[in-house]
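Convert by adding 118 to the 1-based position in the sequence shown; the result is the number in our numbering.
Below: one structure, written as structure tokens.
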Amino acid sequence: LLFAGSAFAQDAAPKGPDFKYGVWANAFSISEKTAVDESDKSYSQIRVRPMFTMGIENVSVVTRFEIDQYFGKGGEGATSSSTNTFGNGSSNSSTYADSDTDQIAVEVKWAYINVKDFFIPGLTATAGLAPFVYSVGYNNDMPLFNLVYDAGVVKVDLSYVKVEENDLDNTDEIGLNDDNDDIQMYAAKLPLSFGDVVITPAVLYTMSEGQNTAGEYTTTAPSIAVKVKAGAFSFDGDFVYITGKMEDADLDVKAYAGYANAGFKASDMFSINIFGLYATGESDDTDEINSFQTACGDEIEVGPLFIINDGGNIGQVGVSNEYDKATEGLMAYGLAFNFKVDKFAALAQVAYATTTSDDIVDDKAIGTEFDLRLSYEVGPKTSFWVEGAYLKAGKYIETKNGGKCDDPSYYAAGIMTSL
Numbered sequence: 119l120l121f122a123g124s125a126f127a128q129d130a131a132p133k134g135p136d137f138k139y140g141v142w143a144n145a146f147s148i149s150e151k152t153a154v155d156e157s158d159k160s161y162s163q164i165r166v167r168p169m170f171t172m173g174i175e176n177v178s179v180v181t182r183f184e185i186d187q188y189f190g191k192g193g194e195g196a197t198s199s200s201t202n203t204f205g206n207g208s209s210n211s212s213t214y215a216d217s218d219t220d221q222i223a224v225e226v227k228w229a230y231i232n233v234k235d236f237f238i239p240g241l242t243a244t245a246g247l248a249p250f251v252y253s254v255g256y257n258n259d260m261p262l263f264n265l266v267y268d269a270g271v272v273k274v275d276l277s278y279v280k281v282e283e284n285d286l287d288n289t290d291e292i293g294l295n296d297d298n299d300d301i302q303m304y305a306a307k308l309p310l311s312f313g314d315v316v317i318t319p320a321v322l323y324t325m326s327e328g329q330n331t332a333g334e335y336t337t338t339a340p341s342i343a344v345k346v347k348a349g350a351f352s353f354d355g356d357f358v359y360i361t362g363k364m365e366d367a368d369l370d371v372k373a374y375a376g377y378a379n380a381g382f383k384a385s386d387m388f389s390i391n392i393f394g395l396y397a398t399g400e401s402d403d404t405d406e407i408n409s410f411q412t413a414c415g416d417e418i419e420v421g422p423l424f425i426i427n428d429g430g431n432i433g434q435v436g437v438s439n440e441y442d443k444a445t446e447g448l449m450a451y452g453l454a455f456n457f458k459v460d461k462f463a464a465l466a467q468v469a470y471a472t473t474t475s476d477d478i479v480d481d482k483a484i485g486t487e488f489d490l491r492l493s494y495e496v497g498p499k500t501s502f503w504v505e506g507a508y509l510k511a512g513k514y515i516e517t518k519n520g521g522k523c524d525d526p527s528y529y530a531a532g533i534m535t536s537l
């Protein structure tokens with residue numbers, strides 16, 4: 119009886135932390151023919167993203183790394199007399215692996231703490247280096263603090279993002295440095311759910327304190343996003359307008375961008391999408407900054423086109439830029455067709471694109487792009503895919519290359535793994 123009583127009186131052994139891991143990997147080779155006359159490229163590359171999550175009850179810690187390598191390539195600018203020689207196994211570069219693969223380029227993508235039910239039920243807190251997504255042009259891994267309160271129909275999403283943390287020396291008394299040299303963002307989103315419709319008004323305020331290379335400026339970027347999923351129909355739209363002032367240069371900021379994608383799923387095998395995007399470029403007004411990319415400090419982060427806005431699987435390393443995104447702006451619209459049978463899937467799309475500014479080149483036509491991707495599932499969550507793109511160059515591409523323009527195309531093949 120004593121033995122039985124003491125045995126049942128013992129507390130259950132405490133549960134240890136849950137540990138999860140995953141990896142996303144892509145390995146491929148590329149042959150590219152650029153818009154520049156007689157300019158071709160061929161190379162191979164791999165990207166691996168291991169991720170580790172450890173959690174206990176309502177607290178989790180997430181870490182994600184990224185390893186990028188071009189096969190057999192040494193450090194940039196390497197010569198035969200340097201330690202960063204090419205392809206002979208003697209590379210000492212911290213950026214690329216040598217033939218013995220004992221030098222690797224590793225970066226930390228995510229490293230953050232997440233706490234659910236933070237003080238009160240429904241409140242989630244995140245702190246650290248984490249993904250930050252805001253509207254059309256802001257999508258980066260950033261150091262941030264984030265609070266999200268979920269009340270069901272409505273959510274409140276607040277973020278503080280540190281874009282730059284500059285000189286920390288407090289030596290103002292001798293006039294050498296100034297602490298007012300950081301760049302930071304304050305963001306607020308208010309997702310509202312109405313059945314199949316989610317409407318998200320938001321605002322982003324950016325402040326540069328001046329004592330840095332970017333100079334002193336403030337911008338405000340209100341946005342509105344709409345998502346609809348109603349049966350076979352879907353819609354995804356986003357619009358953002360940026361206004362502000364570059365104090366040092368005495369320039370006003372006025373820029374905007376938008377994206378829309380409407381889809382119809384005819385069956386489990388076939389679906390069609392129509393899409394369009396628009397981003398402002400520079401104007402003739404010398405008192406204003408009108409380029410969307412310049413105003414937000416980031417590229418257009420949406421759009422499916424393989425060449426024009428790096429929407430292909432190989433967009434992770436990027437194909438040759440065919441136009442000046444920062445200055446010229448972009449307008450594109452097109453159709454995409456998706457087909458899937460068992461382990462086979464295909465994507466075909468066509469779109470026409472122009473610049474939105476003729477500040478540099480009078481002719482705006484970038485051209486018509488044709489994209490195709492074929493993939494086959496060769497294992498659990500592992501596919502072999504091949505994709506190609508062809509850009510029928512317009513007058514803009516021809517003029518920018520001095521009239522000596524090859525219609526650019528690129529092709530890629532690889533294996534993508536996600537476990």
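We put the CB at the ideal spot given by N, CA and C, even for glycine.
Just so it is clear, the structure is predicted and the values come from calculations on it, not from any experiment.
When E446, F388, M325, V274 are compared against N456, the one with the closest alpha-carbon:
Minimum Cα distance to N456 is reached at F388.
Starting from F357, trace the beta strand (DSSP E) both ways and give me its first and last residue.
In the DSSP assignment, F357 falls within the beta strand (DSSP E) that extends over 351 to 364.
Going by C-alpha distance, which of K234, L262, S157, M169 is nearest Y139?
Nearest in C-alpha terms to Y139, of all of K234, L262, S157, M169, is M169.
State the DSSP-derived secondary structure class of E400, mapped to helix, strand or coil.
If DSSP states are grouped into helix, strand and coil, E400 belongs with coil.
Would you decide whether L509 is buried or exposed? Buried here means 16 or more other CB atoms lie within 10 Å of its CB.
Buried, by the Cβ-count rule.
Coarse secondary structure for I425, derived from DSSP in three states
Coil.
Taking the beta carbon of P135 as the centre, do at least 16 other beta carbons fall within 10 Å, making it buried, or is it exposed?
Exposed, since its Cβ has fewer than 16 Cβ neighbours within 10 Å.
Of the listed residues E505, M303, N379, nearest to M325 (C-alpha basis)
It is M303.
Check whether L241 and Y230 have beta carbons under 8 Å apart
No. Outside cutoff.
Is it the case that the stretch 408 to 421 contacts the stretch 252 to 269, given that we only count it when at least three CB pairs across the two stretches are under 8 Å?
Taking a contact to require three or more Cβ pairs closer than 8 Å, the stretch 252 to 269 and the stretch 408 to 421 qualify as touching.
Measuring straight from C-alpha to C-alpha, what distance separates A339 and I360?
Taking the straight line from one Cα to the other gives about 4 Å.
What do you reckon, are the CB atoms on F183 and E225 nearer than 8 Å?
Cβ distance < 8 Å, so F183 and E225 count as in contact.
Nearest CA to the CA of T398: which residue from W228, S409, I148, S147?
If you compare the alpha carbons of W228, S409, I148, S147 with that of T398, the shortest gap goes to S409.
With 16 other CB atoms within 10 Å as the buried threshold, where does G362 fall?
The residue in question, G362, is buried, as its Cβ has 16 or more Cβ neighbours within 10 Å.
So what's I231 in DSSP terms, helix, strand or just coil?
Here I231 sits in strand by DSSP.
In terms of DSSP beta bridges, what is F410 paired with?
Bridge partners of F410: none, in fact.
Spell out the partners DSSP gives K482 in its beta bridges.
Per DSSP, none; premise fails for K482.
Closest by C-alpha distance to I533, when choosing among Y514, I515, K518, E495
The shortest Cα separation from I533 among Y514, I515, K518, E495 belongs to E495.
Per-residue DSSP class, three states only, for K513:
In the structure shown, the three-state DSSP call for K513 is helix.
Burial state of K482 (16 or more Cβ within 10 Å)
So K482 counts as buried.
Taking N264 as the reference, give the member of A306, D300, A450, T336 with the closest Cα.
Checking every option, the nearest Cα to that of N264 belongs to A306.
Please name the residue, chosen from A320, D366, L308, that lies closest to E327 on a Cα-to-Cα basis.
Closest by C-alpha distance to E327, out of A320, D366, L308, is D366.
A507 by DSSP, collapsed to three states: which one?
The answer is strand: DSSP assigns A507 an E or B state.
Report the partner residues of L490 according to the DSSP bridge assignment.
Among the bridge pairs identified by DSSP, L490 is matched with A466, G506.
Out of E334, S385, D314, state which residue places its alpha-carbon closest to the alpha-carbon of D354.
Taking D354 as reference, the option from E334, S385, D314 with the minimal CA-CA separation is D314.
Would you kindly report the start and end of the unbroken beta strand (DSSP E) that includes S157?
Per DSSP, S157 belongs to no beta strand (DSSP E) and is neither H nor E.
Could you pull the start and end residues of the beta strand (DSSP E) that P340 belongs to?
334 to 348 is the span of the beta strand (DSSP E), which, as asked, contains P340.
Buried/exposed call for P97, threshold 16 Cβ in 10 Å:
Given that the chain is displayed from residue 119 to residue 537, the structure contains no residue 97 and the question cannot be resolved.
What did DSSP end up calling N431 once you bin it into helix, strand or coil?
In the structure shown, the three-state DSSP call for N431 is helix.
Residues near V321 in its chain [Cβ-Cβ closer than 8 Å; skip 5 each side]
Leaving aside the five residues that flank V321 on each side, the residues in its chain whose CB is nearer than 8 Å to its CB run, in chain order, A305, A306, T338, A339, P340, S341.
For A306, list the residues DSSP reports as bridge partners.
BP columns for A306 point to L276, V321.
Reduced DSSP category for N445 - H, G, I as helix; E, B as strand; rest coil
Sequence inspection shows Thr at residue 445; the Asn mentioned does not correspond to that position. Of the three classes helix, strand and coil, the one that applies to T445 here is helix, per DSSP.
Going by the beta-carbon positions, is the gap between W503 and L490 smaller than 8 Å?
In this structure, W503 lies away from L490, with their beta-carbon atoms at least 8 Å apart.
Just grab the DSSP bridge partners of F146 for me.
DSSP, once it has assigned bridges, lists Q163, G532 as partnering F146.
Where do the N-terminal and C-terminal ends of the beta strand (DSSP E) with N379 fall, by residue?
Here the beta strand (DSSP E) through N379 covers 369 to 383.
Would you tell me roughly how many angstroms separate the C-alpha atoms of G506 and T404, rounded to the nearest one?
Each residue's Cα considered, the two are about 40 Å apart.
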